[in-house]
Structure formats: C-alpha cells, structure tokens
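Contents: one structure, followed by commentary.
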Amino acid sequence: MLSILAAGSVFFPGLFLLSKQCLKRLPGLRWGEGDAVMVSARLVSSVQAVMASSAGYIISTSCDDIIKDQHWLTTSYILFAVPYFVYDIYAMFLCYWHKLQVKGHEVDNGPKSKTVVLRSYLRREFLMVLHHVVMVTVCFPVSVFWRQGKGDYFQGVMFLAELSTPSVCLGKILIQYKQQHTLLHKVNGALMLVTFFICRVLLFPYLYYVYGRYASIPLYQVPLVVPWQCNLGAALLMAPQLYWFSLICRGALRLFTRGSSCSRKPTSPSRFLPERHSSSSQQANGYRGQVDTLDPPTTMIH
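Quick note, the sequence shown lines up with residues -17 to -1, 1 to 285 if you use mature numbering (1 follows the signal peptide of the UniProt record, and there is no 0).
Right, dumping it as structure tokens:
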C-alpha cells in the first residue's frame, strides 16, 4: 500500500516538473514560466484521466457479478491516484498565481503577498479545493476500507467519469492561447458538453439502474434498498457535477450564439502565440463562464 502511494506521490509531481522544464527549455518552445506551468497542469490532468479511464474500463468489463467480483486494479489505482489530488491543489494554486501575473497584477514573493493570494485562491476555488480534500479524507478511506472488497464494478464505472477530462483540459489550453474563435474550440466544446453529461451527470442514475437490474427491483425502489451512506455519497458527488454542468451549458450557449461574430474577425499570426495578457473578468483557473468560451473545471470523482 505504501509503495503505491509513494509511486503516485512521485509520478504526478514529477510529470508536472518534467513537462514544465521541457516546455521552457526545448528549442523552438522556450515558453515562459506561467505558460509552462498552466499547460503542464492540464497535461498531468489529462494523463491522469486517461489512466483512470483505462483502469475503469478494465475493471468494469472484468466484473460479471457487480457486487462480489473483485479486481486488483481497483484498490491499486485508488492508492496511486490519491496523491494526485494533493498535488493538484498546489498545481491549481500555481496556475492562479501565474494568471494573476498575466493579468498585470504585481505579485511579490513575500510571505504577506503569498498569504493574500492564497486566501483569494481558496475563496474563488473553494468548491474545487473542497472536492479534492473530500476525495482524500473521505472517498479514499471509504473506497479502500469501508467497501470491504465489494462493488469493484461500481468503482470502475466511476473511474470512467474521467473520460470528460481531456476535452476540458484542451478547452483550457485553447482559451489560454486565445483560440476561442477556432473550429477546434467549438468542436471540442461540443464534445466536452456531451462527454461531461454522459460521464458525470448520467453516471449516477446509471449506477442505480444497474443495481436495480442486479437486484431485480424497479429503479425507483433502489434508493430505498441500498444503504443510506450510498445515497448520501451519490448526492454529495453528483451535486457539484450538476453545478459545473450548468456552467458548461451557459458557456456553450454563449459560444454557439455569439461565436459566429468572432469567427469573422481577421486573425493575426500573433494570436497563435502564448498570450501574456487576458481579460480581468477571467478567474485563475477559468471556472467563471466566459463570453464565447467553454471553460469548466477539471475534476475527478471516485
């Protein structure tokens, strides 16, 4: 157990640092610190999403009995992924810090300035930070110890929620590069809307439906049969997904209703270079809905 936790603790921060250094030093790139940090954070999130989705597919397709069947990858990947949440809180803070600098705010390196920025970060990203803390302090012990080896199928299906993350990360990178006017951004936005709805919103009704078929009971009776802890956990996990999906829908509405006017504007070559200035209306990790943009949070649920 400790060796897997240690491996995750090294892998995710190590991948972030390696990616950042490559983006800063490779000939032809040589990005600034801020651009390298933000793109590296999206890259690590995407890699984690691919790994989680792959693990989820293997687990869910290997379990014939959705309650009793076990797969070694379930607990192993949970242990491996737990350090990701701790790392990601710090990575999101770095993105916030550098985005403040991009917006033209002078950010000192003194302890007082860092404290002010940290408080601002925690206020703006409270829901995301809370989500990550709950993953580590509640979902981790519940998934590893409280389940007592039962329900690996459900755990695997929940890993598949990460299928929506790569499109979320790509959208953030496109916004960072001011490519909201491109066809790629619109196609990616539509893909993100569909995958987020299927993988994160419909996920929970599907789990109840599958259990209803397993227990030979109607769907509406499932919440009355399963332990109350399962209903509470599902409600707490689904609530932020519904909130974030509503933000995606608002962003999609703005993108597809107003994006046509932006697409007619001439594009200069400089638009394809990393921007050093952005609108003051943007939040650090882009969680506020933007005009003509789709920029939802990057999350993970277990």
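The C-beta atom is built at its ideal place from N, Cα and C for all residues, glycine as well.
Check	Outcome
Compare the Cα-Cα distances from R106 to each of Y79, R130 and C122 and report the closest residue.	Y79
Determine the burial state of E16: buried for a count of at least 16 other Cβ atoms within 10 Å of its Cβ, exposed for fewer.	exposed
Here's a check: name, in chain order, each residue in its chain whose Cβ is nearer than 6 Å to the Cβ of F255, leaving out the five neighbours to either side.	Bear in mind that the predicted position of F255 carries a pLDDT of just 40, short of 50, making it too unreliable to give a figure here.
Around the C-beta of residue 289, are 16 or more other C-beta atoms found within 10 angstroms, so that it is buried, or is it exposed?	Since the first residue of the chain shown is -17 and the last is 285, residue 289 is not available in this structure.
When you compare each of H114, L56 and G39 to M221 by their alpha carbons, which one comes out closest?	H114
Apply the 10 Å Cβ neighbour rule to T240 and answer buried if 16 or more other Cβ atoms are within range, or exposed otherwise.	exposed
Under 8 Å, do F137 and L190 count as touching if we go by C-beta distance?	yes
Spatial neighbours of A218 within its chain, please: C-beta separation below 7 Å, excluding the five flanking residues on both sides.	none
Under a three-way DSSP split, which group does M(-17) fall into?	coil
Assuming residue 294 and A35 are in contact, meaning their beta carbons sit under 8 Å apart, how far apart are those beta carbons, in whole angstroms?	Residue 294 is absent from the structure shown; the chain starts at -17 and stops at 285.
Is T165 close to chain D, meaning its C-beta is less than 8 Å from at least one C-beta of that chain?	The structure shown contains no chain D; it is built from a single protein chain.
Just tell me which of S103, A32, V125 and E108 has its CA closest to the CA of L146.	A32
Could you say which of F76, K82 and V116 lies nearest to T98 if we only look at CA atoms?	F76
Does DSSP put T178 in a helix, in a strand, or in coil?	helix
What does the alpha-carbon distance come out to for the pair K3 and F68?	19 Å
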